[in-house]
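Accompanying notes for the structure given below.
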Amino acid sequence: MTVLRTQSLTKRFGALAAVSDVSLALPQGARHALIGPNGAGKTTLINLLTGALPPTSGDVFLRDERITPLAQDKRVKRGLARTFQINTLFPGLTVLDSVVLAILERDGLAARWWKPAASYRAQADEARALLANLRLEHDAGTLTAQLPYGRQRLVEIALALATRPKILLLDEPAAGIPAAESVEVLGAIAALPGDVTVLFIEHDMGLVFRFAERITVLVQGSVLVEGTPREIAADERVKAVYLGTETHD
């Protein structure tokens, strides 16, 4: 079942086509990487999927619904969540309180946020389960600002998962993280429930080939090729324009 697809999606900034005629189709449960050299349009494409940018032409579909006109918050309500290259957390809250607050926001109860997280028993239980899935349960009582950067990225993923997304879009989840921690972050993403579809931008090809099931290569805003990691690694066009470099959006 295809849960997210684009049809001839294009974004122009004046004469520049940052994304040009991109058509993607992600099945439920996909672990799909988006790679390409600097300026390839990867982050622009994610912004089009989330509604942060309007397309010049083309469409975005969530299952059979055309969501191109929908604002970002309405896409989140329909199950489309994202994280960013730079994390956006609640530095003065504990990890548990942060996730509980995200759940309360999802349930329309955030305006009543004034009690400790433990006062919201159902939401706190859900938050603890999320933290356990991401191997963060031992950090529940720690202020997010005091965590190592890699753990902060996991908290950001927990906040996105608190919206109960059907599709999770990750913009360089391992950016700025030491190698040992980046493997942990991508491992936690790979281990997400099978009904959660994941599309992620990543410039570390070791991580991409380890965790992605399929890969789309963007070059100058257009899809160069899509395939399995083995197919991408063997493709001479990809080798010529990207593999072996460290450039990224």
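Note that numbering that gives the first Met the number 0 numbers the sequence shown so that position 104 is 103, with each residue one more than the last.
Beta carbons: idealized from backbone N, C-alpha and C, even for Gly.
| Nearest residue (CA-CA) to A29, options I231, R105, T215 and E155 | Numbered from 1 along the sequence shown, position 30 holds the residue referred to as residue 29. It is T215 whose Cα lies nearest to the Cα of A29.
| said: Residues in the same chain with beta-carbon distance under 7 Å from I176, minus the five sequence neighbours each way, listed in chain order, please. | reply: The residue labelled residue 176 in the question sits at position 177 within the sequence shown. Around I176: Y148, G149, R152 and V184.
| field | Helix, strand or coil at S7 according to DSSP, with G and I counted as helix | value | If you number the sequence shown from 1, residue 7 lands on position 8. S7 carries a strand assignment under DSSP once its states are collapsed to helix, strand and coil.
| With C-beta atoms as the reference, is L8 less than 8 Å away from R81? | Reading the sequence shown from its first residue, position 9 is the one you call residue 8. Reading the sequence shown from its first residue, position 82 is the one you call residue 81. Contact: no.
| field | C-beta contact flag for L206 and L160 at 8 Å | value | As a working note, residue 206 is residue 207 in the sequence shown. As a working note, residue 160 is residue 161 in the sequence shown. No. Outside cutoff.
| query | With distances taken from CA atoms, which of D138, P53 and F60 is nearest L95? | reply | In the sequence shown, residue 95 corresponds to position 96, counting from 1. In this structure, D138 is the residue among D138, P53 and F60 with its C-alpha nearest to the C-alpha of L95.
| task | Identify the continuous alpha helix (DSSP H) that holds P53 and give its terminal residues. | result | As a first step, residue 53 is located in the sequence shown; it is residue number 54 there, counting from the start. First-last for P53: undefined, no H or E at that position.
| request: Count the other CB atoms, across all protein chains shown, that sit within 10 Å of the CB of T227; report buried if there are 16 or more and exposed otherwise. | output: Stepping through the sequence shown from its first residue, residue 227 is reached at position 228. Counting the other CB atoms within 10 Å of its CB gives T227 a total below 16, which places it among the exposed residues.
| request: Confirm, please, whether the CB-CB distance from L142 to T196 is below 8 Å. | output: The sequence position of residue 196 within the sequence shown is 197, counting from 1. The sequence position of residue 142 within the sequence shown is 143, counting from 1. No.
| query | Of the choices V99, E180, S221 and S181, whose alpha-carbon is the least far from that of R163? | reply | Here residue 163 corresponds to residue number 164 of the sequence shown, with the count starting at 1. Ranking the options by Cα distance to R163, first place goes to V99.
| Opening and closing residue of the beta strand (DSSP E) in which G220 lies | Working through the sequence shown from its first residue, we reach residue 220 at position 221. Premise fails: G220 is in no beta strand (DSSP E) and is neither H nor E.
| said: Is I188 close to chain D? Criterion is C-beta to C-beta, closer than 8 Å. | reply: This model lacks chain D altogether, as it is built from one protein chain only.
| said: Counting C-beta neighbours from all protein chains within 10 Å, is the total for I85 16 or more, i.e. buried, or is it exposed? | reply: As a position in the sequence shown, residue 85 is number 86, starting the count at 1. For I85, the pLDDT reaches just 47, beneath the cut-off of 50, and the residue's location in the model is therefore unreliable, although a value from the coordinates is still provided. So I85 counts as exposed.
| field | According to DSSP, residues forming a beta bridge with H31 | value | To locate residue 31, count along the sequence shown from 1; it is residue 32. Answer by DSSP bridge pairing, in chain order: L198 and R213.
| request: Going by CA-CA distance only, name the one from A24, N37 and D124 that's closest to H202. | output: Walking along the sequence shown from the start, residue 202 turns up at place 203. Nearest option by C-alpha distance: N37.
| query | DSSP on I45, reduced to helix/strand/coil? | reply | Indexing the sequence shown from 1 puts residue 45 at position 46. Helix, per DSSP.
| query | Taking the C-alpha atoms as reference points, what is the distance between A157 and E125? | reply | As a working note, residue 157 is residue 158 in the sequence shown. As a working note, residue 125 is residue 126 in the sequence shown. The alpha-carbon atoms of A157 and E125 are separated by roughly 11 Å.
| said: Pull the bridge partners of P258 from the DSSP assignment, please. | reply: Nothing can be reported for residue 258: it is not among the residues displayed for the chain, which extend from 0 to 248.
| task | Would you mind giving the Cβ-Cβ distance between L256 and E155, rounded to the nearest angstrom? I have them listed as a contact below 8 Å. | result | A query on residue 256 cannot be resolved here, the shown segment of the chain reaching from 0 to 248 and no further.
| Looking at A232 and F208, is the spacing between their C-beta atoms short of 8 Å? | Position 209 of the sequence shown, counted from the first residue, corresponds to residue 208. Position 233 of the sequence shown, counted from the first residue, corresponds to residue 232. Yes, they are a contact pair.
| request: With a threshold of 16 other CB atoms inside 10 Å of the CB of S56, please say whether the residue is buried or exposed. | output: Taking the first residue of the sequence shown as position 1, residue 56 is located at position 57. Its Cβ having fewer than 16 others within 10 Å, S56 is exposed.
| task | Could you spell out where the alpha helix (DSSP H) holding S97 opens and where it closes? | result | Taking the first residue of the sequence shown as 1, we reach residue 97 at position 98. Its alpha helix (DSSP H) spans residues V94 to R105.
| Beta-ladder partner(s) of V240, from DSSP | For the purposes of this step, residue 240 is taken as the residue at position 241 of the sequence shown. DSSP output for V240 lists no bridge partner at all.
| task | May I ask which residues mark the beginning and end of the beta strand (DSSP E) holding L191? | result | Taking the sequence shown and counting its residues from 1, one reaches residue 191 at position 192. Taken as a continuous stretch (DSSP letters only), L191 belongs to no beta strand (DSSP E), as it is neither H nor E.
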